[in-house]
Amino acid sequence: MLKNKYPIDPALIRELAQVLTDTDLTEIEVAHDDLKIRVARQITVHTTVAAPIHAQAAPLAAPATVQASVAPVVIDDPRKHPGVVTSPMVGTAYRRPSPDAKPLVEIGTVVKEGDRLCLIEAMKTFNDIAAPRSGTVTRILFDDGRPVEYGEPLMIVE
C-alpha cells in the first residue's frame, strides 16, 4: 500500500507550494527513488478590454485643446504568430550572457538561423536559445531575469 511505503509529509507539500508562489512558477516536481511529487497551481488572468462608446445623444463639448479618439482594440496573441520563438523548457530567461554585457539581441536586430537569441537557466545550467529561422527580431516578449514556462513565447523573428 502506498501509505506504508511512502509516507507523504504535508509540510513538504506546503513548502513546494510556497516555492511556486515565491518563484511565480505554475508547477514543480520532485522525485526521490520511486516517489514522485508534483505540485501545480492554476493561474487565472483577468483582463479588461475597453470597448468603444457609441453615444445616442449629442456628445459633450470638449475643450479645444483636448482631442478624443477611440482606437480599435487589437488582440494580438504572439503564440499564434508564425515567427514566434517559444521556450523549450521551464527556467529563468536572460537577454544577456552576463550582468555587465549588452543584450544578445534588441528589437530590430537581424539574425541568421542558429544565432543566439537569449539564455534560459534551468537547474544551474545556461541553455542557448537559437534563432529557428533568419529574420529580424520584431518583439521581445519576456523581461530579463524572469521565470518562463515551457512553450511560453519569448520573441518574434520575422
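One point on numbering: in our numbering, the residue at position 38 of the sequence shown is 41, and numbering is uninterrupted. Even glycine gets a Cβ: it sits at the ideal position worked out from N, Cα and C.
Quick check on this structure: which residue in Arg99, Ile16 and Leu19 has the alpha carbon closest to the alpha carbon of Asp131? Arg99
Boundaries (first-last residue) of the alpha helix (DSSP H) holding Ala14: Pro13 to Thr26
Where do the ends of the beta strand (DSSP E) carrying Thr139 lie? Gly138 to Ile143
Name, in chain order, the residues that DSSP records as bridge partners for Pro156. Thr89
Suppose you measure from the CA of Ile78 to the CA of Ala20; what does that come to, to the nearest Å? Confidence in Ile78 is poor, its pLDDT being 45 and thus under 50, which makes the residue's placement unreliable; the coordinate value appears in the next sentence. Spanning the two alpha carbons is a distance of roughly 33 Å.
Applying the criterion that 16 or more other CB atoms from any shown protein chain within 10 Å of the CB defines a buried residue, is Gly148 buried or exposed? exposed
Roughly how far, in whole angstroms, is the beta-carbon of Val151 from the beta-carbon of Ser90, given that I think they are within contact range, below 8 Å? 5 Å
Please say whether Pro135 and Leu144 have beta carbons closer to each other than 8 Å? no
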